[in-house]
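Here is the structure we will look at, set down as structure tokens.
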Ligand code: SF4
Ligand code: SF4
């Protein structure tokens with residue numbers, strides 16, 4: 016999240032204590048949910064659109080801004096604030112309307128993570144009253160309470176897709192590759208149609224257990240989509256064409 020003065024210079028370890036407690040009674044309650052830049056990962060989008068029970072495409076249209084940069088294969092997907100109030104569209108009087116499925120930066124707040132796995136404070140302590148509360152908690156326990164583990168796991172898998180893109184100067188100008196990559200990562204409902212309603216399963220070897228898993232669970236489908244992008248963009252040997260789908264003359 017941006018919007019507050021960061022004090023990311025400090026480095027706290029997971030077993031350090033944090034004096035912090037957020038709650039409805041605080042005068043600053045939900046003030047941190049306005050005028051902020053929250054970048055969404057594919058897993059964030061999957062959780063949020065499922066919480067709202069709407070298709071991914073509708074979620075992307077209504078609730079995000081997609082920032083496409085030149086020569087950048089994966090655009091930045093940012094949570095859209097209300098144009099007039101500048102508040103996040105999910106803020107209600109009771110707090111976050113999608114609290115159980117809120118994205119990673121909202122779970123982490125008031126902390127953010129450094130690349131080396133230590134933590135800094137992203138909130139402005141003078142505005143965030145949570146730091147004035149008595150409660151102390153070990154950071155690793157606090158993260159557990161925030162349900163961070165599965166987000167970290169999925170974001171780590173996503174990094175395996177994005178990191179090679181930053182390291183390599185890929186000369187991609189085929190718009191279909193851009194569309195396919197965005198669909199696989201951020202439009203899981205369309206990607207599901209692509210897998211199950213096209214000739215995909217006739218063309219590629221996919222074992223029955225994987226087919227069942229990706230049919231039943233979005234999270235498995237998203238992991239499958241990560242592999243598909245790594246195969247399609249970097250040529251990683253994660254998918255194999257069925258012999259019967261090979262061109263006859265080869
Ligand atoms: S205590 Fe901090 S995190 Fe909690 S509502 Fe207030 S500003 Fe936001
Ligand atoms: S998603 Fe929820 S927690 Fe995050 S900014 Fe919006 S209302 Fe606040």
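Numbering (the numbering used here), first residue to last: 16 to 265.
All C-beta atoms in this analysis are idealised placements derived from N, C-alpha and C, irrespective of residue type, glycine included.
Item to check | Closest by C-alpha distance to residue 234, when choosing among 85, 196, 35, 61 | outcome: As a first step, residue 234 must be located in the chain shown, where it is residue number 219. Closest by alpha carbon: 61.
Item to check | Distance, residue 245 Cα to residue 27 Cα | outcome: Here residue 27 refers to the residue found at position 12 of the chain shown. Here residue 245 refers to the residue found at position 230 of the chain shown. Their backbone Cα atoms lie some 34 Å apart in a straight line.
Next on the checklist: Rounding to the nearest angstrom, what Cα-Cα distance links residue 51 and residue 31 in this structure?
Outcome noted: Start at 1 with the first residue of the chain shown, and residue 51 comes out as number 36. Start at 1 with the first residue of the chain shown, and residue 31 comes out as number 16. In a straight line, the C-alpha of residue 51 is about 27 Å away from that of residue 31.
Next on the checklist: I'd like the list of long-range same chain contacts for residue 89, defined as Cβ closer than 7 Å, with 5 residues on each side in sequence excluded.
Outcome noted: Here residue 89 corresponds to residue number 74 of the chain shown, with the count starting at 1. Contacts found: 177, 180, 196, 200.
Checklist entry - With DSSP run on the structure shown, which of helix, strand or coil describes residue 24? => result Taking the chain shown and counting its residues from 1, the one referred to as residue 24 is at position 9. Strand, per DSSP.
Checklist entry - Can you tell me where the alpha helix (DSSP H) with residue 46 in it begins and where it stops? => result Counted from its first residue, the chain shown places residue 46 at position 31. Per DSSP, residue 46 belongs to no alpha helix (DSSP H) and is neither H nor E.
Item to check | Those residues, in chain order, that have a beta-carbon closer than 5 Å to some heavy atom of ligand 2 | outcome: 48, 103, 105, 106, 111, 117, 121
Checklist entry - From residue 59 to residue 117, what distance separates their C-alpha atoms? => result Taking the first residue of the chain shown as 1, we reach residue 59 at position 44. Taking the first residue of the chain shown as 1, we reach residue 117 at position 102. Distance between the alpha carbons of residue 59 and residue 117 is about 7 Å.
Item to check | Contacts around residue 109, its chain only, beta-carbon distance under 8 Å, and the 5 residues preceding and following it disregarded | outcome: Mapped onto the chain shown, residue 109 falls at position 94. Cβ within range, chain order: 39.
Checklist entry - Which residue spans inside the stretch 77 to 157 form an unbroken alpha helix (DSSP H) run of at least 4? => result 119 to 123
Item to check | Identity of the residue in 48, 71, 29, 66 nearest residue 205 by Cα | outcome: Looking up residue 205 in the chain shown gives position 190. For the residues 48, 71, 29, 66, the minimum Cα distance to residue 205 belongs to 71.
Item to check | Any non-hydrogen atom of ligand 1 within 7 Å of residue 52 CB | outcome: Stepping through the chain shown from its first residue, residue 52 is reached at position 37. No, the beta carbon of residue 52 sits no closer than 7 Å to any heavy atom of ligand 1.
Next on the checklist: What would DSSP say about residue 221, mapped onto helix, strand or coil?
Outcome noted: Here residue 221 refers to the residue found at position 206 when the chain shown is read from its first residue. Three-state DSSP puts residue 221 in coil, outside helix and strand.
Next on the checklist: Going residue by residue through the stretch 219 to 264, where are the continuous alpha helix (DSSP H) segments of at least 4 residues, counting only ones entirely within it?
Outcome noted: 223 to 231, 233 to 249
Checklist entry - Along the chain, where does the alpha helix (DSSP H) that runs through residue 194 open and close? => result Numbered from its first residue, the chain shown carries residue 194 at position 179. Run containing residue 194: 190 to 201, per the alpha helix (DSSP H) assignment.
Next on the checklist: Which same chain residues end up closer than 6 Å to residue 106 when comparing Cβ atoms and leaving out the 5 residues on each side of it in sequence?
Outcome noted: As a working note, residue 106 is residue 91 in the chain shown. The answer, listed in chain order, is 45, 48.
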